[in-house]
Amino acid sequence: MGEELKLFDSSQLKIPDYELQEINQDDQNLIKSKERVQQHGEVFTPNWMVKKMLAEEPIQAKIRDLHATFLEPSAGEGAFLVEILHQKLNYVDQISNKTNWMTNAIWALMSIYGIELLMDNLIKARAGMMEVVLNHYQAFFQKKLSMRTDFYKTVEFVIKTNIVQGDTLQYVNSDGQLIEFSQWHPVDGKVQREVFTYKSLFNNSDIDDVGAADGQLSLFDEPDDAGTRFALCDVVKVYKEEIR
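UniProt numbering applies: residue 1 is where the sequence shown begins, and numbers increase by one.
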């Protein structure tokens, strides 16, 4: 048996067992195959370019806002999603204590959305985001995150709910169903989830789309009350999906 892992003890000024890791995807291939480029227009963005694009001050202002939303309509393997989450959690690390870090981290995660056509890319994007959350959690608390905790289950659930498979141009997923997202409303320190369709964000949306609203130009301007609403609940327990 290996040596038992010892957790960080600040009273003894030990070197931390967990350190925050910087994201580095520059060595990834920018294309997987010529066929995928021809069929799907798939070309990946190198990490240095992602960071440069996110360095613009208007974007940095949104990163410093836990509830400011980001939508990546062609997520690929998640280069933008992962870096945005990493930077948002850097901000969470700065403003949080051990009492509110998990709630702030989940709000940051809830603000990031993505659509990806190809399932292998989607799996990698979701896994990359989960890795970022785990890394930040462990560096902040200096302990492993158990899969049995409400926080872990909620992180996993939000990633699967916000980062979805679909065809952005056709507004549907591989089953032919309209792509659905959830808006996460902060209410008195808790959260209320409301489901809407991606198509409802555009002027050409059908009148019976979930969450459709005339004249919407951006995410969550004027959501329609027709969308499915879940019960108000603690932020770290949204995975339970309790209906009103």
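Beta carbons are placed, not taken as given, at the ideal position from N, Cα and C, and that holds for glycine.
Identify which residue in 100, 132, 186, 48 has its Cα closest to the Cα of residue 87.
132
Could you tell me the distance, in whole angstroms, from the CA atom of residue 197 to the CA atom of residue 179?
6 Å
Could you tell me if residue 174 is buried or exposed, where buried requires 16 or more neighbouring beta carbons within 10 angstroms of its beta carbon?
exposed
Please classify residue 149 as buried or exposed, where buried requires at least 16 other C-beta atoms within 10 Å of its C-beta.
exposed
For residue 75 versus residue 47, is the C-beta spacing smaller than 9 Å?
no
For residue 51, does the three-state DSSP call read helix, strand or coil?
helix
Using 8 Å as the cut-off, can you tell me whether the region 137-149 makes contact with the region 165-172, which would need three or more C-beta pairs spanning the two stretches below that distance?
no
DSSP puts residue 165 in a beta bridge; with which residues?
116
How long is the line joining the alpha carbons of residue 80 and residue 72, rounded to whole angstroms?
7 Å
CA-CA distance, residue 236 and residue 118?
30 Å
Buried or exposed for residue 193, going by 16 or more other Cβ atoms inside 10 Å?
buried
Residue 230 bridges to which residues according to DSSP?
243
Give the range of the beta strand (DSSP E) segment to which residue 71 is assigned.
70-72
Figure out for me which residue from 59, 231, 85, 127 has the closest Cα to the Cα of residue 186.
231
How is residue 94 classed by DSSP in three states: helix, strand or coil?
helix
Pairwise C-alpha distance: residue 195 and residue 211
Only weak support exists for where residue 211 lies, its pLDDT of 38 falling under 50; the value from the coordinates is given anyway. Each residue's alpha carbon lies about 7 Å from the other.
What did DSSP end up calling residue 19 once you bin it into helix, strand or coil?
coil
First through last residue of the alpha helix (DSSP H) which encompasses residue 186
Element bounds for residue 186: not the alpha helix (DSSP H) but the beta strand (DSSP E), 180-187.
What is the rounded straight-line gap between the Cα of residue 113 and the Cα of residue 164?
8 Å
Three-state class that DSSP yields for residue 156 in the structure shown
helix
Can you name, in chain order, every residue of its own chain whose Cβ lies under 8 Å from the Cβ of residue 154, other than the five neighbours on each side?
106, 235, 236, 237, 238, 239
How big is the Cα-Cα spacing for residue 36 and residue 156?
Legend: pLDDT at residue 36 = 44, less than 50; position of this residue unreliable, value from coordinates given subsequently. Near 29 Å, if we compare the C-alpha coordinates of residue 156 and residue 36.
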